[in-house]
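Reviewing the structure listed below.
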Amino acid sequence: DTAVSQTPKYLVTQMGNDKSIKCEQNLGHDTMYWYKQDSKKFLKIMFSYNNKELIINETVPNRFSPKSPDKAHLNLHINSLELGDSAVYFCASSQDRDRDIFFGQGTRLTVV
Amino acid sequence: AQSVTQLGSHVSVSEGALVLLRCNYSSSVPPYLFWYVQYPNQGLQLLLKYTTGATLVKGINGFEAEFKKSETSFHLTKPSAHMSDAAEYFCAVSRRTGANNLFFGTGTRLTVIP
C-alpha cells in the first residue's frame, strides 16, 4: 500500500483555470504538508497542517489553499492558474513527535 | 533562520568509486539533519537522518553521513558507487522544536559512470 498518495500524477491545464490536487496518507500521521519543486529542482514548503494549526509560507500566493476534510487528507486547490505555477507539487506527512517526513510521488502541473 | 548549502550541483563518479556529497547548514541551534534521494520522476525517499546521539549515521542502500558540529556539515558518503545510485540527492534541515518544516538544499545530481 502506498503510504502517501497523490492524484493526479500529471496535470496539464490552461491559464486561468482552477484545479485541485488530492492527497491521502494511510500512515496515521497527524501533520500533512505541501511542497513545491520548481524547474531547477528546488524544494520549498508551502503549507503544513495538523488538526490544530495551518502554517502558511508567506511567499505562497493566496490563490493556493489547502483543504483538509479529515486527518488523512490534505488537498491543494489552486485558483486562476498562472504559467509560473508550473512545477511538481509534493504532498507529505509526518507524526509530529517522530519528525520523519514521508513524501508522495508528486504531481507534475503544467500550465499552458 | 535556517539554510542549507550543497556544494556541487553535479557530481560524477565511476562505478565502484567513493561517493561524497557535501552539505553545510546554517542554524542558530543545531538542527535535525536529513538526506533524501529522488529518482527520476519519483518522490523523495529518506536515506538517513541525524537527530541526536552518535554523529555517524547509517542509512539505506549503504549510505552514511557524519554530523560535524564544528564544521556545520553533514556530508553523505558511500564507499562504492553502484549504477542504481544515480539520482538527485537533497540535504535538508528542520528545527528541533516547533513546526516540523524541512528546509532543503538545492540538490546534487549524482551520475555513476560504468
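If you read the protein sequences in the order shown, they are chains R and E. Count along the first sequence starting at 1, add 6, and that's the number in our numbering. Count along the second sequence starting at 1, add 18, and that's the number in our numbering. Where is the CB? At the ideal position from N, CA and C, for every residue including glycine.
Query                                                                                                                                                                                : Result
Locate the beta strand (DSSP E) running through Pro-72 (chain R), then write down its first and last residues.                                                                       : 70 to 73
Measure from the alpha carbon of Trp-53 (chain E) to the alpha carbon of each residue in E:Val-75, E:Thr-23, E:Leu-64, E:Ser-46, then state which is nearest.                        : E:Leu-64
Reducing DSSP to helix, strand and coil, say where Lys-87 (chain E) ends up.                                                                                                         : helix
For the beta strand (DSSP E) holding Leu-62 (chain E), just list the boundary residues, first then last.                                                                             : 62 to 68
Does the separation of the CB atoms of Gln-24 (chain E) and Cys-109 (chain E) fall below 7 Å?                                                                                        : yes
Listed in chain order, which residues of the stretch 46 to 62 of chain R have Cβ atoms closer than 9 Å to some Cβ of chain E?                                                        : Lys-46, Lys-47, Phe-48, Leu-49, Lys-50, Ile-51, Ser-54, Glu-59, Ile-61
Leaving out five residues on either side along the sequence, give the residues of the same chain with a beta carbon under 6 Å from the beta carbon of Ile-61 (chain R).              : Ser-54
Could you tell me whether any Cβ in chain R is nearer than 7 Å to the Cβ of Leu-62 (chain E)?                                                                                        : yes
Alpha carbon to alpha carbon, how far is Asn-63 (chain R) from His-83 (chain R)?                                                                                                     : 15 Å
At a Cβ cut of 9 Å, what residues of the stretch 44 to 70 of chain E count as close to chain R, listed as they run along the chain?                                                  : Tyr-50, Phe-52, Tyr-54, Gln-56, Asn-59, Gln-60, Gly-61, Leu-62, Gln-63, Leu-64, Lys-67, Thr-69
List the residues of chain R whose Cβ lies closer than 8 Å to the Cβ of Thr-124 (chain E), in chain order.                                                                           : Lys-46, Lys-47, Phe-48
Within the same chain, show all residues whose beta-carbon is closer than 7 Å to that of Leu-89 (chain R), passing over the 5 residues directly before and after it, in chain order. : Met-21, Val-117
Taking DSSP as the reference, what is the three-state secondary structure of Asn-79 (chain E)?                                                                                       : helix
Using a beta-carbon distance below 7 Å, is Asn-118 (chain E) in contact with chain R?                                                                                                : yes
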